[in-house]
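Residue numbering for the sequence shown follows my numbering, starting at 104 and increasing by one per position.
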Amino acid sequence: MLGPVRAAAALFCAAALVSGVGAHTAPVQTAAREVGLTANTYGIQPLLLGRGDAVTPVLSGRPCGQGQCTVIEHPADLSAGSIPTGIANLHQTLIEDQSTGITVFGLSQGGQVITGWLDIHGATAARQGDVTFVTVGSPESPGGFRDFFGFTDPSTPEDSGYAVITIVQQYDGWGNWPTRLGLLSALNATMGMFTIHNEYDEVDDAPYTEEGILEALAADPNGEVNRIWKSGGTYYVVNHTDLIPLAVPLTWIGLNGVARWVDDILRPIIDADYRLPAHGSGITVPAPTAEPEARTQRVSLSTEDTAETVVESLRAALPSGEVDTASPMASTEPVKVATASPMVSTESVKVATASPTDIASASLETPTEKRDAKKAERAAAEAEKQAEREAKKAERAAAEAEKQAERDAKKAERAAARAEKEAELDAKKADAPAADPGDAAE
Numbered sequence: 104m105l106g107p108v109r110a111a112a113a114l115f116c117a118a119a120l121v122s123g124v125g126a127h128t129a130p131v132q133t134a135a136r137e138v139g140l141t142a143n144t145y146g147i148q149p150l151l152l153g154r155g156d157a158v159t160p161v162l163s164g165r166p167c168g169q170g171q172c173t174v175i176e177h178p179a180d181l182s183a184g185s186i187p188t189g190i191a192n193l194h195q196t197l198i199e200d201q202s203t204g205i206t207v208f209g210l211s212q213g214g215q216v217i218t219g220w221l222d223i224h225g226a227t228a229a230r231q232g233d234v235t236f237v238t239v240g241s242p243e244s245p246g247g248f249r250d251f252f253g254f255t256d257p258s259t260p261e262d263s264g265y266a267v268i269t270i271v272q273q274y275d276g277w278g279n280w281p282t283r284l285g286l287l288s289a290l291n292a293t294m295g296m297f298t299i300h301n302e303y304d305e306v307d308d309a310p311y312t313e314e315g316i317l318e319a320l321a322a323d324p325n326g327e328v329n330r331i332w333k334s335g336g337t338y339y340v341v342n343h344t345d346l347i348p349l350a351v352p353l354t355w356i357g358l359n360g361v362a363r364w365v366d367d368i369l370r371p372i373i374d375a376d377y378r379l380p381a382h383g384s385g386i387t388v389p390a391p392t393a394e395p396e397a398r399t400q401r402v403s404l405s406t407e408d409t410a411e412t413v414v415e416s417l418r419a420a421l422p423s424g425e426v427d428t429a430s431p432m433a434s435t436e437p438v439k440v441a442t443a444s445p446m447v448s449t450e451s452v453k454v455a456t457a458s459p460t461d462i463a464s465a466s467l468e469t470p471t472e473k474r475d476a477k478k479a480e481r482a483a484a485e486a487e488k489q490a491e492r493e494a495k496k497a498e499r500a501a502a503e504a505e506k507q508a509e510r511d512a513k514k515a516e517r518a519a520a521r522a523e524k525e526a527e528l529d530a531k532k533a534d535a536p537a538a539d540p541g542d543a544a545e
């Protein structure tokens with residue numbers, strides 16, 4: 104039963120699959136290109152079909168938006184040589200740029216170029232510690248359309264030895280095809296190929312570095328914004344889609360409220376056909392380093408004390424053995440100082456005992472406080488985004504309510520007009536003279 108369904112789906116998407124022809128054949132040899140060797144971030148274009156630059160604005164322009172990406176050129180078309188040419192040019196770029204900390208982004212067909220390079224050169228290039236690959240919306244993604252129907256040969260390898268991050272939008276059929284084929288889920292993913300697959304420039308909350316992934320896991324432990332896991336050496340990021348692709352056309356004709364209603368009904372049915380790994384699986388989040396607890400020690404000082412006597416008083420207040428007065432690199436200890444002068448204040452200061460006049464400035468934040476502040480900042484940002492989503496939802500509901508009110512008003516107006524006409528007819532009937540019985544007899 105599954106065979107005919109797969110065959111039909113394959114025929115339906117045959118034109119789009121041309122972009123994958125020759126993806127893993129020997130690369131076309133091209134002349135060496137000049138690249139910006141001082142730039143450590145590279146971008147590979149998707150299937151352009153006459154469009155301009157598409158990789159620079161990817162992920163809301165965060166990786167490449169300020170011109171820090173060098174584009175690795177290739178035809179970016181439906182020809183059989185497009186991907187092999189991209190593989191050859193990527194290989195030449197990595198030969199010329201021997202620096203460390205290189206990141207290569209590939210959008211859609213650009214991701215296929217990365218997969219082809221890893222298949223052909225990954226095991227022999229010996230750049231595993233220098234290069235990170237990021238594929239965005241790649242048709243070669245494990246779990247995507249081409250992988251499900253066996254068109255990948257193979258899909259992006261998980262254990263290439265390189266750091267690889269695969270980013271797809273939820274329901275983008277090219278990279279996020281249903282695990283179990285169902286009618287609604289297949290139609291939804293197919294619609295996603297032609298809608299949200301073209302919207303990666305609007306994704307502003309998907310992490311694209313290992314550090315960003317760890318931060319995203321800490322800020323979003325339930326996977327409400329991104330579903331993230333790791334398999335082998337590859338990180339997978341599935342970015343949440345606000346509206347299922349099947350409901351998107353309703354927004355084109357202004358039926359936003361209906362689109363939201365359709366999403367609420369169909370999303371659980373569609374999600375039942377997806378079997379994704381648990382959020383955070385395969386990823387070990389480093390435990391935070393324990394910080395020494397600051398102690399408060401009360402020290403009485405007067406306005407007549409000199410800097411030397413202040414330091415001596417502070418040193419005497421510290422527990423014995425915690426300050427090495429003989430070492431020029433004496434340790435610093437956070438203490439609380441309460442003065443006895445009329446200008447009484449309590450200040451968190453660090454006392455350096457290497458010099459009697461060296462009193463360090465106040466320690467305003469501990470690393471733990473900084474982490475908590477960042478976490479609170481991320482939570483506030485997410486709350487702000489959620490508020491924006493709720494505001495848009497309320498706006499859509501208000502617009503729909505307004506339209507409904509207009510419809511009800513028109514309906515009431517028509518009903519009033521009908522009632523008025525009926526009243527006029529009744530009045531005319533009442534005013535008409537009664538027929539004379541004698542006339543009827545004649």
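Built from N, CA and C at the ideal position, the CB exists for glycine as well.
Pairwise C-alpha distance: E505 and A535: 45 Å
Cβ-based burial, W87 [other Cβ within 10 Å; buried from 16]: Since the first residue of the chain shown is 104 and the last is 545, residue 87 is not available in this structure.
Per-residue burial, Q201 [other beta carbons within 10 Å of its own, 16 or more giving buried]: exposed
For S211, the nearest candidate out of T312, V237, E411, N329 (CA to CA): When each option's Cα is compared against that of S211, the closest is V237.
Whether W546 touches G240 by CB criterion (7 Å): Residue 546 cannot be examined here, being either before or after the span of the chain that is shown, 104 to 545.
Which listed residue (T203, R363, L221) has its alpha carbon closest to that of S244: L221
Residue closest to T620, alpha-carbon to alpha-carbon, out of R154, T344, D233, P187: There is no way to answer for residue 620, as the model of the chain reaches only from 104 to 545.
Rounded separation between A476 and N143 - CA only: 31 Å
G146 - DSSP class collapsed to helix/strand/coil: DSSP places G146 within a strand segment (E or B) once states are collapsed to three.
Three CB pairs or more closer than 8 Å across the segment 303 to 313 and the segment 359 to 376: no
Euclidean distance between Cα positions of E327 and K333: Whole-angstrom Cα-Cα distance: 17 Å.
Residue from V340, Q195, Q215, E318 whose Cα sits closest to the Cα of H382: V340
Top-ranked residue by Cα proximity to I347, from G336, A362, L358: A362
Residue from L417, L358, S263 whose Cα sits closest to the Cα of G336: S263
Proximity of V216 and I268 at Cβ, strictly below 7 Å: no
Collapsed DSSP secondary structure at N325 in the structure displayed: coil
V414, buried or exposed, once every other Cβ within 10 Å from all chains shown has been counted against 16: buried
Contact set for K496: own chain, Cβ-Cβ below 8 Å, skip 5 residues either direction: R363
Spatial distance of A490 from T196 (CA atoms): 44 Å
DSSP three-state assignment for N279, whether helix, strand or coil: coil
Other residues of its chain near R499: CB distance less than 7 Å, five sequence neighbours each side excluded: N359, G360, R363
Selected residue, minimal CA-CA separation from G357, among A533, E503, P149, A228: E503
Contact under 7 Å by Cβ, D376 with G285: Against a cut-off of 7 Å, the Cβ pair of G285 and D376 comes out as a contact.
Residue environment, L528, which counts as buried when at least 16 other CB atoms sit within 10 Å: exposed
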